[in-house]
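Presented below is the structure to which this report refers.
In full-length UniProt numbering, the protein residues as written are 1 to 436.
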């Protein structure tokens, strides 16, 4: 318990709390993760929101009976802490009291207390509220928290302002058919594919902005790398000289995030056996240089999943990097707000970042000149009046600017070497999953 204004504040017990309580009594609440009955005593394994601790019950030390205490029951325990190198985190609690707070009506449909959950992904997703009680399953989302927290800490340290933009919009940022459409009080609306329009707008008065929020794509993919709703980590920055400023900012951010996770999420990294990448100088190749490396014809205009894997293998072998930037994509495959390259107008000042065989970022420099943006819209067959609100930011002046968007679930998937992106989404939304 903590004291705030004279009141007790319930909080989760930590490993540090146990270390400080060695030889003393401690009280905290937890879920019974497992009961292991031995001759004359019972190991009561306790699961808190982050940890799994070992406690020991015996009738001699604890007057409370274990009647009604079962796997999945929520309890308040009191006990004496001692060092025990064979127990999780090196501590064990000898119970002196145990109070039943609530118990489940039915047994778990999954083996939550096993070392590995041991079920198919479909079964996992069908019983998501139970599957996430498994320590390894939930540890994935502690790492996701670490990515988000490290990202936010870095952005704020670089004088970016955090913004929160609408997810119900009048127009789609990316265009195309992958848009979720809805009626909004009789008007046509869409779910945001990106905060692109709004973060560009905010650069006009904040200079640097970032957002962490859901993104919606109505793509009919059923692959291991796509979701229809995911969490985007976006930033946009003004007064850039070119897109390399954005790439350098991302490199510094990734370096900070990996250090942040390493420092603050050691229990989860150890539990999951995860190896964080070293983020040095990230190599960069142009799109057509990438095709040459792959030995492919220059007639294609995008990279396929196999290309991304091979390019990351190339970066690892040649540069010792698990990341590689691919720049200067053909403009026809990039959004209408991407700036054309001055050296070759058929190319865009746009890049992807690949990590361990998967694209995790798309970014680049945006068009800031009004006439240039109108001309490009017309080339794309888009009537400027359809995007009048967006064009107002160009009309009233914008600094040279650029930014990027990162898929959180993709980053976590690759950090933890997961087989399917649904494993890195708490409650994934795809073509086949709308519930839970």
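Beta carbons: idealized from backbone N, C-alpha and C, even for Gly.
C-beta atoms of residue i and residue j nearer than 8 angstroms
i: residue 393; j: residue 204; result: yes
i: residue 354; j: residue 308; result: yes
i: residue 199; j: residue 215; result: no
i: residue 324; j: residue 382; result: no
i: residue 122; j: residue 98; result: no
i: residue 357; j: residue 321; result: no
i: residue 377; j: residue 336; result: yes
i: residue 258; j: residue 276; result: yes
i: residue 420; j: residue 224; result: yes
Helix, strand or coil at residue i according to DSSP, with G and I counted as helix
i: residue 188; result: strand
i: residue 248; result: helix
i: residue 105; result: coil
i: residue 380; result: coil
i: residue 413; result: helix
i: residue 430; result: strand
i: residue 82; result: strand
i: residue 464; result: Residue 464 lies beyond the stretch modelled for the chain, which goes from 1 to 436, so this question has no answer here.
i: residue 125; result: helix
6 angstroms Cβ shell around residue i - same chain, five flanking residues per side excluded
i: residue 399; result: 238 and 239
i: residue 456; result: The first residue shown for the chain is 1 and the last is 436, placing residue 456 beyond what the model contains.
i: residue 113; result: 33 and 34
i: residue 350; result: 329, 334, 338 and 364
i: residue 3; result: Note that residue 3 scores a pLDDT of 44, beneath 50, so its modelled location is shaky and nothing firm can be said.
i: residue 361; result: 353, 404 and 406
i: residue 202; result: 163 and 209
i: residue 172; result: 179, 190 and 193
i: residue 373; result: 367 and 394
Whole-Å CB distance - residue i paired with residue j, under 8 angstroms assumed
i: residue 68; j: residue 31; result: So it is not a contact: roughly 14 angstroms between Cβ atoms.
i: residue 291; j: residue 300; result: 7 angstroms
i: residue 155; j: residue 235; result: 6 angstroms
i: residue 261; j: residue 411; result: Going by Cβ atoms, the distance from residue 261 to residue 411 rounds to 11 angstroms, so no, they are not a contact pair.
i: residue 163; j: residue 268; result: No, residue 163 and residue 268 are not in contact; Cβ-Cβ is about 29 angstroms, not under 8 angstroms.
i: residue 95; j: residue 56; result: 7 angstroms
i: residue 195; j: residue 165; result: 4 angstroms
i: residue 232; j: residue 252; result: At roughly 19 angstroms, the Cβ-Cβ gap does not stay under 8 angstroms, so residue 232 and residue 252 are not in contact.
i: residue 51; j: residue 15; result: 7 angstroms
8 angstroms CB neighbourhood of residue i in its chain, flanking five on each side removed
i: residue 222; result: 430, 431 and 432
i: residue 245; result: 237 and 402
i: residue 117; result: 110, 111, 124, 131, 134, 136 and 137
i: residue 345; result: 331
i: residue 18; result: 26, 53, 81, 89, 91 and 93
i: residue 149; result: 260 and 264
7 angstroms CB neighbourhood of residue i in its chain, flanking five on each side removed
i: residue 62; result: 95, 96, 97 and 98
i: residue 220; result: 431
Pick out the complete alpha helix (DSSP H) segments inside the region 15 to 57, 4 residues or longer, and give them in chain order.
-> 15 to 20
Within the region 134 to 189, note down every full alpha helix (DSSP H) run reaching 4 residues or more, in order along the chain.
-> 135 to 157
Which full runs of the beta strand (DSSP E) of 3+ residues lie inside the region 263 to 330, going along the chain?
-> 284 to 286 and 323 to 327, all fully within the region 263 to 330.
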